[in-house]
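S.K.:
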Amino acid sequence: MAISVDPPEVSRDLCRKAGYTFSVLSDPNAEVIRRYHLLHAGGGPEGHDVARPAEFLVDSSGVVRWVNFTEDVRVRARADEMLAAAKGLR
Amino acid sequence: MPEMSKNRRNWAVWAGFLLALGAVLCNLVFFVNLPGGRAIAGLSMLLSAVALIFLGLGLKRAFEQPPVYRGKILSSMLSFVSLLLVGAAVFASFSARTIPTSAGAPQTGQKAPDFTLIDTDGQPVSLGQLLAPAASESEVMPTKSVLLIFYRGYW
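Top to bottom, those sequences are chains H and D.
Sequential numbering of the first sequence, starting at 1, is according to this note's numbering.
Sequential numbering of the second sequence, starting at 1001, is according to this note's numbering.
1) Within 8 Å (strictly less), CB to CB, does threonine 70 of chain H reach chain D?
2) Just list the residues that DSSP pairs isoleucine 3 of chain H with in beta bridges.
3) Answer yes or no: do alanine 1012 of chain D and leucine 1078 of chain D have a C-beta to C-beta separation smaller than 8 Å?
4) Just confirm the distance between the C-beta atoms of arginine 1038 of chain D and valine 75 of chain H, as a whole number of angstroms; I'd bet it's less than 8 Å.
5) Below 7 Å between beta carbons is the criterion; list the residues of the region 15-44 of chain H that meet it against any residue of chain D, in chain order.
6) Quick one: list the residues of chain H neighbouring glycine 1122 of chain D, beta-carbon separation under 7 Å, in chain order.
7) Straight-line CA distance for valine 1068 of chain D to alanine 1020 of chain D?
8) Just to make sure I have the definition right: I need the residues of chain D whose C-beta is within less than 7 Å of the C-beta of glycine 47 of chain H. Which are they?
9) Give me the residue from H:Ser60, H:Phe69 and H:Arg78 with the minimum Cα distance to leucine 89 of chain H.
10) Can we say the region 1109-1117 of chain D touches the region 32-43 of chain H, given the rule of at least three CB pairs closer than 8 Å?
11) Leaving out five residues before and five after phenylalanine 56 of chain H in sequence, what residues of the same chain have Cβ atoms less than 7 Å from its Cβ?
12) Considering only residues of the same chain and omitting the five flanking positions on each side of alanine 79 of chain H, which have a CB-CB separation below 6 Å?
13) Residues of chain H with CB under 8 Å from tyrosine 1151 of chain D, in chain order?
14) Since glycine 62 of chain H meets chain D, which of its residues come closer than 8 Å, beta carbon to beta carbon?
15) Checking contacts by CB at 8 Å: is alanine 86 of chain H closer than that to chain D?
16) Does any residue of chain C have a CB that is nearer than 8 Å to the CB of asparagine 1027 of chain D?
17) Using CA coordinates, which residue listed in D:Leu1131, D:Trp1014 and D:Ile1040 is at the minimum distance from isoleucine 1053 of chain D?
18) Report the rounded CA-to-CA distance for alanine 972 of chain D versus serine 1082 of chain D, giving the unit in angstroms.
19) Can you tell me whether histidine 40 of chain H is buried or exposed, with buried defined as 16 or more other CB within 10 angstroms of its CB?
20) Please give the ranges of any beta strand (DSSP E) in the region 20-89 of chain H, keeping only runs that are unbroken, at least 3 residues long and fully inside the region.
Structure (structure tokens):
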């Protein structure tokens, strides 16, 4: 599932347009984003705080089994990389 | 041997222009999210650097050997456009890398902090609830795992 600072309405719009079927959660005050140390202060298009891109695979015991932090917003985790990590858990 | 009156094409300026164009186009490749994205990011900078070398060479030829190489004005104009392209490519590379380091973020082997957030239907969703085994009478339940994707937002 995905998390951003976008309000639910914006995320709903995104899901409808992109056809996403996974949960997209809203963290408008960036509380969880801060808890995960992922705040990019002033990183939004209008200078608002956003999450930095980051992906975590969490197993059933709540332990992180795979992470990906990009150092370049142009370089993101690819779906096949994330699927490979998920398959590696089983 | 060609006569001196038949001026040669100043290929270095053109090479610089094409390289600068390539450096900018590298940035568009990211929208496709091909494998090897990091290499493409580096390639953009490399092409920019080589473009500058060729532009310098081309301009030098155009202005120092006008009888041999034609097109002082064309060289200058192409160089100007190429410089703008290189500037755009370099700016894109630097502005794309302003992500904070996130040293305190959970690492592999660490516990992912629990949270509850609202989904697109306004329903609260917690990580613990997603990881908990499904309330089913079936004995063999697949192990649950959650892929958390933090993203910058939709704009």
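Where a beta carbon is used, it is the ideal one built from N, C-alpha and C, also for glycine.
M.R.: The relevant details are as follows:
1) Residue 70 of chain H sits at position 70 when you count from the first residue of the first sequence. So, interface residue.
2) Translated into the one-based positions of the first sequence, residue 3 of chain H becomes position 3. The partner list for isoleucine 3 of chain H (beta bridge, DSSP) reads H:Leu25 and D:Phe1150.
3) As a first step, residue 1012 of chain D must be located in the second sequence, where it is residue number 12. As a first step, residue 1078 of chain D must be located in the second sequence, where it is residue number 78. Against a cut-off of 8 Å, the Cβ pair of leucine 1078 of chain D and alanine 1012 of chain D comes out as no contact.
4) Against the second sequence, residue 1038 of chain D aligns to sequence position 38. Against the first sequence, residue 75 of chain H aligns to sequence position 75. Sure, about 5 Å apart at Cβ, within 8 Å.
5) Cys15, Ser23, Val24, Leu25, Ser26, Asp27, Val32, Ile33, Arg35, Tyr36, His37, Leu38, His40, Gly43 and Gly44
6) Translated into the one-based positions of the second sequence, residue 1122 of chain D becomes position 122. Going along chain H in sequence order, the residues near glycine 1122 of chain D (Cβ under 7 Å) are Pro8.
7) Taking the first residue of the second sequence as 1, we reach residue 1068 of chain D at position 68. Taking the first residue of the second sequence as 1, we reach residue 1020 of chain D at position 20. Cα-Cα distance, rounded: 25 Å.
8) Position 47 of the first sequence, counted from the first residue, corresponds to residue 47 of chain H. Near glycine 47 of chain H there are no residues of chain D at all, since even the closest Cβ is about 12 Å away, more than 7 Å.
9) Counting from one through the first sequence, the residue named residue 89 of chain H turns up at place 89. Checked all of H:Ser60, H:Phe69 and H:Arg78; the closest Cα to leucine 89 of chain H is H:Ser60.
10) yes
11) Within the first sequence, numbered from 1, the residue matching residue 56 of chain H stands at position 56. Contacts found: Val64 and Val67.
12) By one-based count along the first sequence, residue 79 of chain H stands at place 79. Non-local C-beta neighbours of alanine 79 of chain H in its own chain, meaning closer than 6 Å and more than five positions away in sequence, are absent.
13) Taking the first residue of the second sequence as 1, we reach residue 1151 of chain D at position 151. Under the 8 Å cutoff, chain H gives Ala2, Ile3, Ser4, Ala51 and Pro53.
14) Locating residue 62 of chain H in the first sequence gives position 62, counting from the first residue. Going along chain D in sequence order, the residues near glycine 62 of chain H (Cβ under 8 Å) are Lys1111, Ala1112, Asp1114, Leu1127, Gly1128 and Leu1131.
15) Start at 1 with the first residue of the first sequence, and residue 86 of chain H comes out as number 86. True, the Cβ-Cβ gap to chain D drops below 8 Å.
16) The displayed structure is made up of protein chains H and D, and chain C is not among them.
17) Taking the second sequence and counting its residues from 1, one reaches residue 1053 of chain D at position 53. Answer by Cα proximity: D:Trp1014.
18) Outside the modelled stretch of chain D, which goes from 1001 to 1155, sits residue 972 of chain D, for which no answer is possible.
19) Indexing the first sequence from 1 puts residue 40 of chain H at position 40. The residue in question, histidine 40 of chain H, is buried, as its Cβ has 16 or more Cβ neighbours within 10 Å.
20) 24-26, 54-58 and 64-69
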